[in-house]
Structure formats: structure tokens, C-alpha cells
Amino acid sequence: MEVDKKDEREAESSEQVVNPWEVSAKDGGKIDYDKLIDKFGCQRLDESLIDRVQRLTSRQPHVFLRRGVFFAHRDFNEILDAYEKGDKFYLYTGRGPSSEALHLGHLIPFMFTKYLQEAFKVPLVIQLTDDEKCMWKNLSVEESQRLARENAKDIIACGFDVTKTFIFSDFDYVGGAFYKNMVRVAKCVTLNKAMGIFGFSGEDHIGKLSFPPVQAVPSFPSSFPHLFPGKDNLRCLIPCAIDQDPYFRMTRDVAPRLGYSKPALIESSFFPALQGENGKMSASDPNSAIYVTDTAKDIKNKINRYAFSGGQDSVEKHRELGANLEVDIPVKYLSFFLEDDSELEHIKKEYGEGRMLTGEVKKRLTEVLTEMVERHRRARAAVTDEMVDAFMAVRPLPSMFE
Ligand code: TYM
970 MEVDKKDERE
980 AESSEQVVNP
990 WEVSAKDGGK
1000 IDYDKLIDKF
1010 GCQRLDESLI
1020 DRVQRLTSRQ
1030 PHVFLRRGVF
1040 FAHRDFNEIL
1050 DAYEKGDKFY
1060 LYTGRGPSSE
1070 ALHLGHLIPF
1080 MFTKYLQEAF
1090 KVPLVIQLTD
1100 DEKCMWKNLS
1110 VEESQRLARE
1120 NAKDIIACGF
1130 DVTKTFIFSD
1140 FDYVGGAFYK
1150 NMVRVAKCVT
1160 LNKAMGIFGF
1170 SGEDHIGKLS
1180 FPPVQAVPSF
1190 PSSFPHLFPG
1200 KDNLRCLIPC
1210 AIDQDPYFRM
1220 TRDVAPRLGY
1230 SKPALIESSF
1240 FPALQGENGK
1250 MSASDPNSAI
1260 YVTDTAKDIK
1270 NKINRYAFSG
1280 GQDSVEKHRE
1290 LGANLEVDIP
1300 VKYLSFFLED
1310 DSELEHIKKE
1320 YGEGRMLTGE
1330 VKKRLTEVLT
1340 EMVERHRRAR
1350 AAVTDEMVDA
1360 FMAVRPLPSM
1370 FE
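Numbering (the working numbering), first residue to last: 970 to 1371.
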């Protein structure tokens, strides 16, 4: 009986696809994150862990924790156990530079990583996988490198501390100790295994097959001898959206065989497309997302025209029935980016019970996002080439644990 149920669940969940290249829900519906936790074998991030974060950092947990945006983890409890005993860790996250501008979804792991860096006072490595995007998006090597530097400016604009942060491009950095770890990892993963995890097929070029170890090895401190000499046991925590989980399932599988600690993960759900909560935003449709380069006018137009509303067709019906908050994108977006918990609750109640109209909620969302994007634009404009060079210089970080 139990087995039948499990088979049934697996058959259903096999219809939603979540991997680094594709995010699509069953029958165009919502991603079922509970099923994803089951299928991937990660753990749910529960209240008790969030309380522990609050206690250990003596500050209010980030909105993304309070509201369940980061909802899953692997061994985050072990990172906290060690931290409680005085053992620090390092953070690792990344970006595949496939386009000039980031959309708001891409900012989520970086905003959250900045909070973790400040709250726990720990170093951070950020990988720019220009090699990955060169192979998957058919960009030239030079164009991928250019985009990596452009994206680095957006990442720096999120406010990272240069004394604790190393940003690197694979094309520039891969070699030496990093490459040795890549070869160690590669030897542990059979072709069958890689096909199972990543869905590679015989038609894929061998560049793709060779890539996963590149994303795996920043999880190991020995890949950064200039940062962590003699600290081979330093634990690594990776914040990312759950689409990146396959890379780190492989990494965690291999780590003990190499005598390394498994990286821990803290994973978010997806910031949805304007058209509705059925997956990731698409670069091929600029109206599916808000970009950090959008003007105030673009933001207003996109929200007014494309943000899927859970409101009713007529004002009368809306006053009577209220909005369906489950499918409403303006409310969903506000729940990511409106800091004030009581204002959010107020909007949900008034809108859900029909006293507030979609237009009013969209207006508030437009204000919140315009303010955020403007702030980002100003911060990015202040990022100079010298600052990019400073973040990307291969150097020790003397004050990284202070
Ligand atoms: P990339 O460039 O596709 O995405 C960068 C980061 O943004 C997350 N993300 C999202 N988060 C919330 N909502 C969304 N709609 C959304 N879309 C993307 C991704 O999960 C990622 O964290 N191969 C990686 C680059 C990479 C990396 C890493 C990422 C290298 N090492 C370590 C995370 C951790 C990539 O192409 O990410």
C-alpha cells in the first residue's frame, strides 16, 4: 500500500520538471514544492531553524526566511550546530552570465546571500560560469566573458563587502588546485550517473558533460588556496534557487569519497513570471519579467498590462467575492519585496475580502519595485571597473571572519 502510494507520487511528480535548464509545472499549473522536496530528498526549512538563525545572529531573520521564500535545505542544521560551537563556514553562490541584465528573480539569491554574509560575518565566493553559458547558449568565449563582467557589476551593486568576497570567472580562474579538484570529482561520476542526474543525451556535445565538476568544486575550500590555506575542513553553505540542486546532489554524493565535507544548501522557490506562477521567467519574452534595467515607465506598464490578477471580472463581483490570492501575481511579488509585514497582511486581507481592487495593489507594487530598481540602478552606476578588478583579484581576504 505504502509502495503504491509512493509510485503514484513519483509518477505525478515526474510530470513537473525542475533542473538548471528547465522549470515547468504539471499541466501548466504551479510548481509543487512539497513534491520537489520528496523527489530531490532535501529537507524542509522549518520554523525551529529560522528561530535558531534569529538567536545565533541576534537579528530579525530576512524577509525571505520569514515568508518561506527559502523553503528547503540540506544540512543547514549542521552549519548552525558548528557555528554555535564557534566554527565558521563560507558561502558559495553563482551566476551563469547569459544576458546583459538580471531579472528580479536572479537578485533573490544575491540579496539573501548578502544578508547571510552580514549576519554570520563569513567569507563568500561567487562563481561566474561564463564557460557554462558559452556552451549552453552558444555564445562566443569573448561575449560570455564580457557578460560575466557586466553581471559582476550587478552583483557588486547588491552591496557585498569587498574585504570578504571573491568573485571569479571560470575562464580566468580554473586551473591549479581548482582544476585538480575538478579532475578528482570527474573521476567519481560515471556517464550513466551524469545522464541520470542532468538528463544529458548522446546528442549533447562533450563540453556539457564536462561542466558539472566546474560548478561542484567551489564547494570545497581547497579549491581556493589563496583564501582558505590549511582550512580544508571549513564547511560550505550554498544559497540558490532549487533549480541548481542537481549539481549539488552530485557534489554531495562525491564529497565523502574524496575525504571532503558535503556542502550544505539553502534553497529558494522561484520568483514567478508576470503571467503567473508556473515556472521560471523566460529571457525570450521580455514581458515575462522585470529587469534591473527597466525604467519606471517599463515597470508600470509591465505590471499594469501583464501581471496576472486574481481579482474578479467586475467591481461588483470583486466586492462580493474578493481576490483569489493563490494565483494573484501582484500579491505574490509584494510578498517577496514589501518589507513591512503588517502592511502586507493588511493588503492581503483587504484585497482578499474585496475591499481593495487590483488597480490599488498594482499601484503599490509599482511603487515598491520602482524604488527597488532605481536603488539598484544608482548602486550599479557607482560600480567602477577598478571595483570589479578588486572583487575579482586573486588575493587573501584578511578580515573575512570579522
Ligand atoms: P543562473 O544565472 O541561472 O541564476 C542565478 C541564480 O538565480 C537563481 N534563480 C532564481 N531564483 C529565484 N527565482 C527565479 N525565478 C530564479 N531564476 C534563477 C538561480 O538558482 C541561481 O542561484 N549555473 C548557475 C550559476 C552558478 C551557481 C553556483 C548558482 C554557478 N555556481 C552556485 C548557485 C550556486 C546559473 O546558471 O545560475
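Note that the Cβ used here is the ideal one computed from N, Cα and C, for glycine as well.
Computed from a predicted structure; not experimentally measured.
Exercise. Leaving out five residues before and five after CYS1157 in sequence, what residues of the same chain have Cβ atoms less than 6 Å from its Cβ?
Worked result: VAL1223, ARG1226
For this session: In angstroms with no decimal places, state the Cα-to-Cα distance between PHE1140 and ALA1276.
Result: PHE1140 and ALA1276: Cα-Cα distance of roughly 38 Å.
Problem set entry | C-alpha gap between ASP1354 and GLU1343, whole angstroms | Approximately 21 Å, taken between the alpha carbons.
Problem set entry | Among PHE1147, LEU1071, TYR1216, the one whose alpha carbon lies nearest that of ALA1121 | LEU1071
Exercise. Can the beta-carbon of ALA1041 be found less than 8 Å from the beta-carbon of GLN1023?
Worked result: no
Exercise. If you follow the alpha helix (DSSP H) that TYR1320 is part of, which residue opens it and which one closes it?
Worked result: 1310–1321
For this session: Would you identify the three-state DSSP class for SER993, choosing helix, strand or coil?
Result: In this structure, SER993 counts as strand in the three-state DSSP scheme.
Problem set entry | Check: ILE1207 C-beta below 7 Å from any heavy atom of ligand 1 | yes
Problem set entry | Three-state secondary structure assigned by DSSP to ASP976 | Only weak support is given to the placement of ASP976: the predicted model assigns it a pLDDT of 44, under 50, and the question is left unresolved by the model.
Problem set entry | GLN1213 Cβ short of 7 Å to ligand 1 heavy atom set | yes
Exercise. So LEU1334 and ILE1235 are in contact, right, with Cβ under 8 Å, and what is the actual spacing, rounded?
Worked result: Not confirmed; about 26 Å, so no contact.
For this session: Take ARG978 and list the residues in its own chain whose beta-carbon comes closer than 8 Å to its own, dropping the five residues that flank it on each side.
Result: Since pLDDT at ARG978 reaches only 42, below the 50 mark, its modelled position is unreliable, and the value read off the structure follows with that caveat. LYS1004, ASP1007, listed in sequence order.
Exercise. Are ALA994 and ASN1247 touching if we call contact CB-CB under 8 Å?
Worked result: For ALA994 and ASN1247, yes; Cβs fall inside 8 Å.
Problem set entry | Three-state secondary structure (DSSP) of SER1067 | coil
For this session: Kindly indicate which residue of PHE1169, LEU1034, ASN1256, VAL1094 has the alpha-carbon position closest to the one of PRO1365.
Result: Nearest in C-alpha terms to PRO1365, of all of PHE1169, LEU1034, ASN1256, VAL1094, is VAL1094.
For this session: Assuming PHE1081 and HIS1031 form a contact by the criterion Cβ under 8 Å, report the distance between their Cβ atoms to the nearest whole angstrom.
Result: 6 Å
Problem set entry | Straight-line gap, PRO1367 to LEU1203 (C-alpha atoms, nearest Å) | Here the alpha carbons of LEU1203 and PRO1367 stand approximately 16 Å from one another.
For this session: Give the C-beta separation of ALA1126 and LEU1097 to the nearest angstrom, bearing in mind that I take them to be a contact with Cβ-Cβ under 8 Å.
Result: Actually they do not touch by this definition, with Cβ atoms about 15 Å apart.
For this session: Put THR1335 into one of helix, strand or coil per three-state DSSP.
Result: DSSP places THR1335 in helix when its eight states are reduced to three.
Exercise. By Cβ distance, which residues of its chain are closer than 6 Å to GLN1184, with the 5 residues on each side in sequence left out?
Worked result: TYR1216
Exercise. Any chance the CB of ALA1362 is under 7 Å from a heavy atom of ligand 1?
Worked result: no
Exercise. Can you tell me whether DSSP reads ILE1000 as helix, strand or coil?
Worked result: Three-state DSSP puts ILE1000 in coil, outside helix and strand.
For this session: Over the uninterrupted alpha helix (DSSP H) stretch that includes GLN1184, give me the two end residues.
Result: 1181–1185
Exercise. Can you tell which of PRO1255, ALA1210, ASP1263 has its C-alpha closest to the C-alpha of SER1237?
Worked result: ALA1210
For this session: Report the rounded CA-to-CA distance for ALA1233 versus ILE1207, giving the unit in angstroms.
Result: 6 Å
Problem set entry | GLN1184 beta carbon near ligand 1 (any heavy atom closer than 7 Å) | yes
Exercise. Taking 7 Å as the line, does the beta carbon of ARG1064 fall inside it for any heavy atom of ligand 1?
Worked result: yes
Exercise. If you count every other CB in all the chains shown that lies within 10 Å of the CB of ALA1163, and 16 or more means buried, which is it?
Worked result: buried
For this session: In angstroms with no decimal places, state the Cα-to-Cα distance between ALA1362 and ASN1270.
Result: 41 Å
For this session: Could you spell out where the alpha helix (DSSP H) holding ARG1118 opens and where it closes?
Result: ARG1118 -> alpha helix (DSSP H) spans 1110–1126.
Problem set entry | Euclidean distance between Cα positions of HIS1315 and MET1325 | 10 Å
For this session: Classify TYR1229 as helix, strand or coil using the three-state DSSP reduction.
Result: coil
For this session: Please list, in chain order, all residues of the same chain as GLN1029 whose beta carbon is under 7 Å from its beta carbon, the five residues on each side excluded.
Result: GLN1023
For this session: Jot down the residue ranges of each uninterrupted alpha helix (DSSP H) in the stretch 1151–1209, minimum 4 residues, whole runs only, in chain order.
Result: 1160–1167, 1175–1179, 1181–1185
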